[in-house]
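Participant: I have a structure here, written as structure tokens, and I will follow up with some questions on it.
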Amino acid sequence: MITDAIKAADALLRAVPLLQGSRAQQDYREALELVEYLLENDEHHPLIDMLAKKIAEYEDNSAEFTAFNQRIAQLPQGVAALRVLMEQHQLSQSDFEHEIGKKSLVNQILNGKRSLTIPHIMALAKRFNLPPALFLPEAD
Numbered sequence: 001m002i003t004d005a006i007k008a009a010d011a012l013l014r015a016v017p018l019l020q021g022s023r024a025q026q027d028y029r030e031a032l033e034l035v036e037y038l039l040e041n042d043e044h045h046p047l048i049d050m051l052a053k054k055i056a057e058y059e060d061n062s063a064e065f066t067a068f069n070q071r072i073a074q075l076p077q078g079v080a081a082l083r084v085l086m087e088q089h090q091l092s093q094s095d096f097e098h099e100i101g102k103k104s105l106v107n108q109i110l111n112g113k114r115s116l117t118i119p120h121i122m123a124l125a126k127r128f129n130l131p132p133a134l135f136l137p138e139a140d
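Start counting the sequence shown at 1; every next residue gets the next number (UniProt numbering).
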């Protein structure tokens with residue numbers, strides 16, 4: 001049994017190099033694809049947690065994410081969440097007409113000139129199937 005477990009673990013590490021700390025962007029992208037596949041086909045697969053930790057570690061330490069992470073850290077929580085969702089889903093400001101309104105209003109919210117309202121927050125939470133608290137300002 002031990003030998004089989006070691007062989008299986010070695011095979012997994014060869015198949016998913018990010019699990020052993022690879023810093024290659026291609027390995028990161030392949031890990032993201034694998035997580036997406038698992039979430040769609042077996043959302044309780046134990047590999048999801050392992051991959052999610054390594055993906056987060058990559059994103060926290062990768063130079064390509066440094067500027068993005070710094071910008072996000074300075075934004076109000078709801079705006080940061082909205083920006084991350086826009087990035088992840090490749091959405092533009094005009095894609096939020098049903099949840100927020102016109103592109104100009106979305107732009108003002110993203111630039112800190114206006115705030116998300118409760119109806120905006122509820123609509124965004126429903127669209128992305130996320131808890132509304134994700135879009136609420138952090139309590140000081």
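Glycine included, C-beta positions come from ideal geometry on N, C-alpha and C.
Under three-state DSSP, which class holds V16?
Facilitator: Numbered from 1 along the sequence shown, position 16 holds the residue referred to as residue 16. V16 falls in the coil class under three-state DSSP.
Participant: Y28 and L18 - do their beta-carbons sit closer together than 7 Å?
Facilitator: If you number the sequence shown from 1, residue 18 lands on position 18. If you number the sequence shown from 1, residue 28 lands on position 28. Contact flag set, yes.
Participant: Taking only the alpha-carbon atoms, compute the straight-line gap between T117 and I100 and give it to the nearest angstrom.
Facilitator: Position 117 of the sequence shown, counting from 1, holds the residue named residue 117. Position 100 of the sequence shown, counting from 1, holds the residue named residue 100. Near 9 Å, if we compare the C-alpha coordinates of I100 and T117.
Participant: My guess is that A67 and L51 are in contact by the Cβ rule of under 8 Å, so how many angstroms apart are they, rounded?
Facilitator: Position 67 of the sequence shown, counted from the start, is the residue given in the question as residue 67. Position 51 of the sequence shown, counted from the start, is the residue given in the question as residue 51. No, A67 and L51 are not in contact; Cβ-Cβ is about 24 Å, not under 8 Å.
Participant: Return the CA-CA distance between H44 and E57, expressed in angstroms with no decimal places.
Facilitator: The sequence position of residue 44 within the sequence shown is 44, counting from 1. The sequence position of residue 57 within the sequence shown is 57, counting from 1. Taking the straight line joining both Cα atoms gives about 21 Å.
Participant: On the three-state DSSP scale, how would you describe N41?
Facilitator: Position 41 of the sequence shown, counted from the start, is the residue given in the question as residue 41. Of the three classes helix, strand and coil, the one that applies to N41 here is helix, per DSSP.
Participant: Just the C-alpha distance for G78 and M122, rounded to the nearest angstrom, thanks.
Facilitator: Position 78 of the sequence shown holds residue 78. Position 122 of the sequence shown holds residue 122. About 12 Å.
Participant: Which class does Q26 belong to by DSSP, given the choice of helix, strand or coil?
Facilitator: The residue you call residue 26 lines up with position 26 of the sequence shown. It is helical.
Participant: Measure the alpha-carbon distance for S94 versus K102 and round it to whole angstroms.
Facilitator: Here residue 94 refers to the residue found at position 94 of the sequence shown. Here residue 102 refers to the residue found at position 102 of the sequence shown. Answer to the nearest angstrom: the Cα atoms are 7 Å apart.
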